[in-house]
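Here's the structure, in structure tokens; my notes come after.
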Amino acid sequence: MSNILEMKNISKSFPGVKALQNVDFSLKKGEVHCLIGANGAGKSTLMKILAGVYTKDEGEILLDNQQISIKNPSDSMQLGISTIHQELSLIENLTLAENILLGNYLKPKGGFISWQKMNKEAKRIFDLLGVKVSPTMPTTEASMGLKQMTEIAKAIRSDCKIIVMDEPSTALSTDEIHKLYDVIALLKKQGYTIVYISHKLDELYAIGDRITVLRNGRWIITDHIDNISQQQLIQHITGRAIEKVQKHIQRF
Ligand SMILES: Nc1ncnc2c1ncn2[C@@H]1O[C@H](COP(=O)(O)OP(=O)(O)OP(=O)(O)O)[C@@H](O)[C@H]1O
Ligand SMILES: [Mg+2]
1 MSNILEMKNI SKSFPGVKAL QNVDFSLKKG EVHCLIGANG AGKSTLMKIL
51 AGVYTKDEGE ILLDNQQISI KNPSDSMQLG ISTIHQELSL IENLTLAENI
101 LLGNYLKPKG GFISWQKMNK EAKRIFDLLG VKVSPTMPTT EASMGLKQMT
151 EIAKAIRSDC KIIVMDEPST ALSTDEIHKL YDVIALLKKQ GYTIVYISHK
201 LDELYAIGDR ITVLRNGRWI ITDHIDNISQ QQLIQHITGR AIEKVQKHIQ
251 RF
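Going by UniProt numbering, the first residue of the sequence shown is number 1, and it counts up by one from there.
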């Protein structure tokens, strides 16, 4: 299957830090691609370049084999890329529906906001995701799981084809994580392509099709998840043989 997205030779430096050095990353349509690496490996930076939060210093990005330029978050969204950042972006004093449709309902025809339409649309998207909740719930009252679902609903509403989830399971309960897996499976069935960033190896084996490992800002490996054992994965992430990693863990 051909790649819908390719990031080639991506480099990015911050003052005193080479966050990414010649990193390659590609996505196939409809896959769940897990991006993994230790703290500071460069995962969020790579995805923030795709999201238009940061601009790359070097490299190129192709979408459907066409070279594209992403200068800001609006470029990224218009290209069909939606990112759920590690720091969630919901506005706490709005309702869930307002958060999902923010940016759309603020520009109504004739100057009226149709709250009814907005809540109905939010409910339709929640139903699609199998989430039972009132769209008029204030966001402050929502659990982390529900906030994550609202972010996903917001992504779907923006008409994207690629959804990037940066450590979505952090702060979720076990039940909420399983619900998230179900929603990811559903999205995959509908043809969405998903990037899933996580530190938790069991999650990657539960939902991932392919995996890319970054270490110290460098690309290490991309492969089908079935081709890599957990031990090999730990070696790729840490750069050390497993016996040494175990010794390291024992020592600290
Ligand atoms: N805005 C920034 N300014 C300066 N340095 C940054 C900035 N963003 C990231 N970095 C640095 O770039 C490197 C890569 O960070 P990044 O956040 O991409 O890592 P990560 O793999 O997402 O880590 P984590 O698992 O902790 O989220 C780190 O050394 C980090 O400190
Ligand atoms: Mg990160």
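Glycine included, every Cβ here is placed at the ideal spot set by N, Cα and C.
No experiment lies behind these values; they were computed from the predicted model shown.
| Item | Value |
| --- | --- |
| How would you write the range of the beta strand (DSSP E) that ARG240 sits in, first residue to last? | No beta strand (DSSP E) holds ARG240; DSSP gives it neither H nor E. |
| What do you reckon, is the C-beta of LYS12 under 7 Å from a heavy atom of ligand 2? | no |
| For THR170, which of helix, strand or coil comes out of DSSP? | coil |
| So the alpha helix (DSSP H) GLU203 belongs to, where does it begin and stop? | 201-207 |
| Whole angstroms is fine: what's the gap from LEU101's alpha carbon to ALA171's? | 25 Å |
| Look at the alpha carbon of ILE223 and the alpha carbon of THR212, and state the distance between them as a whole number of angstroms. | For the record, residue 223 in the displayed sequence is Asp; it is not Ile. So the two alpha carbons sit approximately 7 Å from each other. |
| For a quick check, are the C-beta atoms of VAL23 and LEU214 less than 8 Å apart? | yes |
| Which residues mark the beginning and the end of the alpha helix (DSSP H) in which THR222 is found? | No alpha helix (DSSP H) contains THR222, which is instead part of the beta strand (DSSP E) from 218-224. |
| Would you check if the distance between the CB atom of LEU233 and the CB atom of LEU201 is smaller than 8 Å? | yes |
| Beta strand (DSSP E) containing GLN190: first to last residue? | Run containing GLN190: none; DSSP gives neither H nor E here. |
| Using CA coordinates, which residue listed in GLY130, LEU94, LYS161, SER143 is at the minimum distance from THR136? | LEU94 |
| Please find out if some non-hydrogen atom of ligand 2 comes closer than 7 Å to the beta-carbon of LYS200. | no |
| Cα separation between residue 269 and THR45? | With the chain running from 1 to 252 in the structure shown, residue 269 is simply not present. |
| My output table needs one value for residue 264: the three-state DSSP class, helix, strand or coil. | Because residue 264 is not part of the residues shown, which for the chain are 1 to 252, the question remains open. |
| Return the bridge partner residues of LYS18 from the DSSP annotation. | SER13 |
| Between which two residues does the beta strand (DSSP E) harbouring SER82 extend? | 81-84 |
| Using only the alpha-carbon positions, how far apart do GLY191 and ILE207 sit? | 15 Å |
| So does the stretch 149-165 actually touch the stretch 73-88, counting three or more Cβ pairs closer than 8 Å? | yes |
| Could you give the residue range of the beta strand (DSSP E) that holds ILE113? | No beta strand (DSSP E) holds ILE113; DSSP gives it neither H nor E. |
| Please list the terminal residues of the continuous beta strand (DSSP E) segment that includes THR214. | The amino acid at residue 214 is misidentified as Thr; the sequence shows Leu. LEU214 -> beta strand (DSSP E) spans 210-215. |
| Flag this pair as touching only if the stretch 32-48 and the stretch 2-19 have three or more C-beta atom pairs under 8 Å; answer yes or no. | yes |
| Of the choices THR55, SER74, LEU88, ILE70, whose alpha-carbon is the least far from that of ASP166? | LEU88 |
| Would DSSP call LEU233 helix, strand or coil? | helix |
| Taking the straight line between their C-alpha atoms, what separation do you get for GLU31 and SER114? | 37 Å |
| Taking the alpha-carbon positions, what's the THR193 to ILE162 distance? | 5 Å |
| One question on the structure: do SER134 and SER169 come within less than 8 Å of each other, judged by their Cβ atoms? | no |
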